[in-house]
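Student:
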Amino acid sequence: MRGRVFGRVVAPLILLVAAAFFILPLFAMMRFALQNVQVIDLRWSNLFDKWSLAPLWSAFSDDQFGRALTLSLKLAFGTGLISLLLLVPTIVWVHLRLPRARSTVEFLTILPYVIPAIGMVAGIMVIKPHARWFLNSDLSLIPFYVVLALPFTFRSIDSGLKALDLRTLVEASRSLGYGWIRTIVHVIVPNLRTAILSCLFLTVAVVLGEYTIADVLLKRTFPAFMGEYRGSDPKGGYGLAILSLVVTTLIFMIIGLVSRPKSARRRRARGTI
Amino acid sequence: MALIFTNPPGEGGAVARATAPFTSQRSRSWLGLVPFLAFLVLFLIVPAISVFSQALRGANGEFGFASMGEAFSGQNLDAFWFSITFSAGAAAVGTILGTLLAYVAASITRPRWLRNAVTAFSGVAANMGGLPLAFAFLSLLGRQGLGTKLLNGVGIDLYAGDFGLGEVTGLITVYSYFNIPLMVLVILPAIDGLKPAWREACSSLGGNSSTYWRRVGLPVLAPSILGGFILLFANSFSAYATAAQLTDNSKIVPLRIGFFLGGDVSVGEDAVGYALAAWMIVIMAVAMILYWALRRRAERWQS
Chain A
1 MRGRVFGRVV APLILLVAAA FFILPLFAMM RFALQNVQVI DLRWSNLFDK
51 WSLAPLWSAF SDDQFGRALT LSLKLAFGTG LISLLLLVPT IVWVHLRLPR
101 ARSTVEFLTI LPYVIPAIGM VAGIMVIKPH ARWFLNSDLS LIPFYVVLAL
151 PFTFRSIDSG LKALDLRTLV EASRSLGYGW IRTIVHVIVP NLRTAILSCL
201 FLTVAVVLGE YTIADVLLKR TFPAFMGEYR GSDPKGGYGL AILSLVVTTL
251 IFMIIGLVSR PKSARRRRAR GTI
Chain B
1 MALIFTNPPG EGGAVARATA PFTSQRSRSW LGLVPFLAFL VLFLIVPAIS
51 VFSQALRGAN GEFGFASMGE AFSGQNLDAF WFSITFSAGA AAVGTILGTL
101 LAYVAASITR PRWLRNAVTA FSGVAANMGG LPLAFAFLSL LGRQGLGTKL
151 LNGVGIDLYA GDFGLGEVTG LITVYSYFNI PLMVLVILPA IDGLKPAWRE
201 ACSSLGGNSS TYWRRVGLPV LAPSILGGFI LLFANSFSAY ATAAQLTDNS
251 KIVPLRIGFF LGGDVSVGED AVGYALAAWM IVIMAVAMIL YWALRRRAER
301 WQS
């Protein structure tokens, strides 16, 4: 009896309250940015009046916007590329030759949680006087973003490799005369397409969301621009935040879509469903 | 011979035999990790050690704990207390509500998509943070916020007491936005690991629902719940970007570190900023070690 009350009344109620808690802040932000009605004047009757994307257009036309977005896109590209170059060979190597080192490597990839962005940037400030030639460049953020993204990127590549029969693939490729590099490029990478895609998307999400390091080092990335632009034009700043949220959410949804059907298919093939 | 020496005693032999062609040159295999390890050392370990090298430096550049002590006294100590208070509060709220939500999600059978929707959304929301999160809550619960107005309409004045988005209650509310979904992701596998057979065994031995939760359910979930609490605490304690938008004052440790790094302080004082960062890394390290150990324990029941 108690179970039924829980299922019929309590559970839906909890879900409803949760949905409200998670949706309301987003709605409020959208309304503030895109509806040209002050909160004080807001009634149920004019809730759908005067919505417009104009604040977003004016943010786009700010001359700093293009530069900030270009920098963030460059950072995302560099971070994704270096993450892949670093992780794919390393994790392949671990799976093939050092399976016992896997948990050690995994532990290392959660170190960015131990040394959070604010701790990391404190360290960068110490090094800065000795490495100005490097840190003065905006692109010097790339390696630090690679590190920040490690907990995500490692997991995506690692689970992709786990799903492969790596040993057989490599033995077949090697016995047919491929060297290590050609094996990775022509045999392993094509089989890892989904994992590589998630890895790249995750780095984009990390780069689009990172504010701490850029803020302290005074690098004008997209999130830093967003924070600054809000000062002069709140509506436009909030509009940019919505835009970055939409992009990030799409990224996570795409990752969910591309990585799920395959594993479900495999599970069905194994007969466990 | 080399094999025997490079392998720790115990399971080493069996592993070596099973993968003989690949592990015959063990010591050389470790070389494959060199690029990865070098990268980590250069861009993570060196900055971290640099923080400690500055934090453990006295006024005249000699080794000493003066800055570390100063970072844990006066206003700095207040900042630590404030950060620890709201982080613990945010972790407690996130743990309880996240576990509840995960339990609800796990018990839903009827609209089948609902459970997947909850997990998928949790994956997105757990990674939400930074500026957009702060903006969203500013427009909902700020002084001119939509929610503030709605509450006013039903006679509740949100700002009558000491509420503020940069205060303990406000930060707990805002951080719940990513803490609750993160807890759902952490605890859901553990809840799925509760086998129906255990409940049946419990009731056939004469136990009721509360016996089941007291003697079986909660003890099995305990490591995951505690681990989740620690993870959420660490998550809240180290967050910078969201807090930086919600409050200007530097009574939160990460913001205080940022303030010292900003360079508007006298020469000797910057060491205090590094000492704050060093303390933060120490606290995070302890938290993550505890989390790692608890996760190991929790995984025993998840097959």
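Residue numbers (the numbering used here), protein chains in the order written: chain A, 1 to 273; chain B, 1 to 303.
Quick reminder that beta carbons are idealized off the backbone N, C-alpha and C, glycines included.
From a predicted model like this one, the values you see are computed outputs, not experimental measurements.
#1: Out of B:247, B:210, B:194, which has the shortest C-alpha to C-alpha gap to residue 224 (chain B)?
#2: Please classify residue 50 (chain A) as buried or exposed, where buried requires at least 16 neighbouring CB atoms within 10 angstroms.
#3: Would you say residue 229 (chain A) faces chain B, with C-beta separation under 8 Å as the test?
#4: For residue 57 (chain B), which three-state DSSP category applies?
#5: Determine, for residue 77 (chain A), whether the minimum Cβ-Cβ distance to residues of chain B falls below 8 Å.
#6: Can you give me, in chain order, the residues of the segment 279 to 293 of chain B that have a beta carbon less than 9 Å from any beta carbon in chain A?
#7: Tell me which residues share the same chain as residue 58 (chain B) and place their Cβ nearer than 6 Å to its Cβ, disregarding the 5 neighbours each side in the sequence.
#8: Quick check: the Cα distance between residue 106 (chain B) and residue 117 (chain A), rounded to an integer number of angstroms?
#9: Shorter than 7 Å, the distance from the beta carbon of residue 245 (chain B) to the closest heavy atom of the ligand MG, or not?
#10: Over the uninterrupted alpha helix (DSSP H) stretch that includes residue 279 (chain A), give me the two end residues.
#11: In the DSSP assignment, find the unbroken alpha helix (DSSP H) run with residue 72 (chain B) in it and report its ends.
#12: For residue 66 (chain A) and chain B, any beta-carbon pair shorter than 8 Å?
#13: Who are the near neighbours of residue 134 (chain A) in its chain, counting only those whose CB is closer than 6 Å to its CB and skipping five residues on each side?
#14: Along the segment 90 to 118 of chain A, what residues have a CB closer than 8 Å to any CB found in chain B?
#15: Using only alpha-carbon positions, find the residue among A:248, A:52, A:167 that is nearest to residue 200 (chain A).
#16: Looking only at its own chain, which residues have a Cβ that is under 7 Å from the Cβ of residue 297 (chain B), when we skip the five neighbours before and after it?
#17: Step through the CB atoms of chain A and report whether any lies within less than 8 Å of the CB of residue 75 (chain B).
#18: For residue 245 (chain B), name the three-state secondary structure that DSSP assigns.
#19: Whole angstroms are fine: how far does the CA of residue 94 (chain B) sit from the CA of residue 171 (chain A)?
#20: Kindly list the residues whose CB is nearer than 8 Å to the CB of residue 80 (chain A), restricted to its own chain and excluding five residues on each side of it in sequence; keep chain order.
#21: For residue 51 (chain A), write down the residues that DSSP places opposite it in a beta bridge.
#22: For residue 230 (chain B), would you say it is in contact with chain A, using Cβ-to-Cβ distances shorter than 8 Å as the test?
#23: Reducing DSSP to helix, strand and coil, say where residue 63 (chain B) ends up.
#24: Which chain B residues sit within Cβ distance under 8 Å of residue 160 (chain A)?
#25: Suppose the cutoff is 6 Å on Cβ atoms and the five residues either side in sequence are ignored; what does the same chain contact list for residue 195 (chain A) look like?
#26: Buried or exposed: which applies to residue 209 (chain B), given that a residue is buried once 16 or more other Cβ atoms fall within 10 Å of its Cβ?
#27: Between the Cα of residue 150 (chain A) and the Cα atoms of A:177, A:131, A:91, A:62, which residue gives the shortest distance?
#28: Using 8 Å as the limit for Cβ to Cβ distance, is residue 137 (chain B) near chain A?
#29: Pick out whichever of B:230, B:33, B:78, B:288 has its Cα sitting closest to the Cα of residue 92 (chain B).
#30: Can you confirm whether residue 14 (chain A), when its beta carbon is compared against all beta carbons of chain B, has any partner nearer than 8 Å?
#31: By the 8 Å beta-carbon criterion, what residues does the segment 46 to 62 of chain B contribute toward chain A?
#32: Going along the segment 205 to 220 of chain A in order, which residues come within less than 8 Å of chain B, judged by CB to CB distance?
#33: Relative to chain B, which residues along the segment 32 to 46 of chain A have a C-beta separation below 9 Å, given in chain order?
#34: Please say whether residue 165 (chain B) and residue 227 (chain B) have beta carbons closer to each other than 8 Å?
#35: If you draw a straight line from the alpha carbon of residue 253 (chain A) to that of residue 174 (chain B), how long is it in whole angstroms?
#36: Which residue marks the beginning of the alpha helix (DSSP H) containing residue 144 (chain B), and which one marks its end?
Tutor: Inspection of the coordinates gives the following:
#1: Within the second sequence, residue 224 (chain B) is the residue found at index 224, counting from 1. Nearest of B:247, B:210, B:194 to residue 224 (chain B), Cα basis: B:194.
#2: The residue labelled residue 50 (chain A) in the question sits at position 50 within the first sequence. The residue is exposed, with fewer than 16 neighbouring Cβ atoms inside 10 Å.
#3: Counting from 1 along the first sequence, the entry for residue 229 (chain A) is found at position 229. So no, residue 229 (chain A) is outside the interface.
#4: As a working note, residue 57 (chain B) is residue 57 in the second sequence. Here residue 57 (chain B) sits in strand by DSSP.
#5: Residue mapping note: residue 77 (chain A) aligns to position 77 of the first sequence, counting from 1. Closer than 8 Å: no.
#6: 280, 281, 284, 285, 287, 288, 289, 291, 292
#7: Here residue 58 (chain B) corresponds to residue number 58 of the second sequence, with the count starting at 1. Taken in chain order, the residues that qualify are 64, 66.
#8: Start at 1 with the first residue of the second sequence, and residue 106 (chain B) comes out as number 106. Start at 1 with the first residue of the first sequence, and residue 117 (chain A) comes out as number 117. Roughly 34 Å separates the two Cα atoms.
#9: Annotation note on the ligand MG: not contained in the displayed structure, which lists no ligands.
#10: It is not possible to answer for residue 279 (chain A), since the shown part of chain A is limited to 1 through 273.
#11: Indexing the second sequence from 1 puts residue 72 (chain B) at position 72. From DSSP, residue 72 (chain B) is part of no alpha helix (DSSP H); its letter is neither H nor E.
#12: Along the first sequence, one-based indexing puts residue 66 (chain A) at 66. So, not an interface residue.
#13: For the purposes of this step, residue 134 (chain A) is identified with residue 134 of the first sequence, where counting begins at 1. Contacts found: 140.
#14: Sequence-ordered contacts of the segment 90 to 118 of chain A with chain B read 90, 93, 94, 96, 97, 98, 99, 100, 101, 105, 107, 108, 110, 111, 112, 113, 114, 115, 116, 117, 118 [C-beta pairs closer than 8 Å].
#15: For the purposes of this step, residue 200 (chain A) is taken as the residue at position 200 of the first sequence. The shortest Cα separation from residue 200 (chain A) among A:248, A:52, A:167 belongs to A:248.
#16: Sequence index remark: in the second sequence, residue 297 (chain B) carries index 297 (1-based). Apart from the 5 residues on each side of it in sequence, residue 297 (chain B) sits with its Cβ closer than 7 Å to the Cβ of 223 in its chain, given in chain order.
#17: Position 75 of the second sequence, counted from the start, is the residue given in the question as residue 75 (chain B). Judged by the 8 Å Cβ criterion, residue 75 (chain B) is not in contact with chain A.
#18: Taking the first residue of the second sequence as position 1, residue 245 (chain B) is located at position 245. It is helical.
#19: Here residue 171 (chain A) is taken as the residue at index 171 of the first sequence, counted from 1. Here residue 94 (chain B) is taken as the residue at index 94 of the second sequence, counted from 1. If you take the alpha carbons of residue 171 (chain A) and residue 94 (chain B), they lie about 48 Å apart.
#20: Walking along the first sequence from the start, residue 80 (chain A) turns up at place 80. For residue 80 (chain A), where only same-chain residues beyond five positions count, the Cβ hits under 8 Å are 199, 200, 203, 204.
#21: By 1-based counting over the first sequence, the position of residue 51 (chain A) is 51. Its beta-bridge partners are A:35.
#22: On the second sequence, position 230 is the one that residue 230 (chain B) refers to. Not one chain A Cβ lies under 8 Å of residue 230 (chain B).
#23: The residue you call residue 63 (chain B) lines up with position 63 of the second sequence. Residue 63 (chain B) falls in the strand class under three-state DSSP.
#24: Position 160 of the first sequence holds residue 160 (chain A). Simply none; closest approach about 17 Å.
#25: As a position in the first sequence, residue 195 (chain A) is number 195, starting the count at 1. Cβ within range, chain order: 156, 157, 160.
#26: Start at 1 with the first residue of the second sequence, and residue 209 (chain B) comes out as number 209. So residue 209 (chain B) ends up on the exposed side.
#27: Numbered from 1 along the first sequence, position 150 holds the residue referred to as residue 150 (chain A). It is A:91.
#28: Locating residue 137 (chain B) in the second sequence gives position 137, counting from the first residue. Taking Cβ atoms only, chain A reaches closer than 8 Å to residue 137 (chain B), which makes this a yes.
#29: In the second sequence, residue 92 (chain B) corresponds to position 92, counting from 1. With distances taken between Cα atoms, residue 92 (chain B) lies closest to B:230.
#30: Translated into positions along the first sequence, residue 14 (chain A) becomes position 14. By this cut-off, residue 14 (chain A) is an interface position.
#31: Listed by position, the residues of the segment 46 to 62 of chain B near chain A (Cβ gap below 8 Å) are 46, 47, 48, 49, 50, 51, 53, 54.
#32: 205, 209, 210, 211, 212, 215, 216
#33: For chain B, the residues of the segment 32 to 46 of chain A that bring a beta carbon within less than 9 Å of one of its beta carbons are 32, 33, 38, 39, 40, 42, in chain order.
#34: If you number the second sequence from 1, residue 227 (chain B) lands on position 227. If you number the second sequence from 1, residue 165 (chain B) lands on position 165. For residue 227 (chain B) and residue 165 (chain B), no; Cβs fall outside 8 Å.
#35: Stepping through the first sequence from its first residue, residue 253 (chain A) is reached at position 253. Stepping through the second sequence from its first residue, residue 174 (chain B) is reached at position 174. Rounded to the nearest angstrom, the two C-alpha atoms are 23 Å apart.
#36: Residue numbering aside, residue 144 (chain B) sits at position 144 when the second sequence is read from its first letter. Element bounds for residue 144 (chain B): n/a, residue is neither H nor E.
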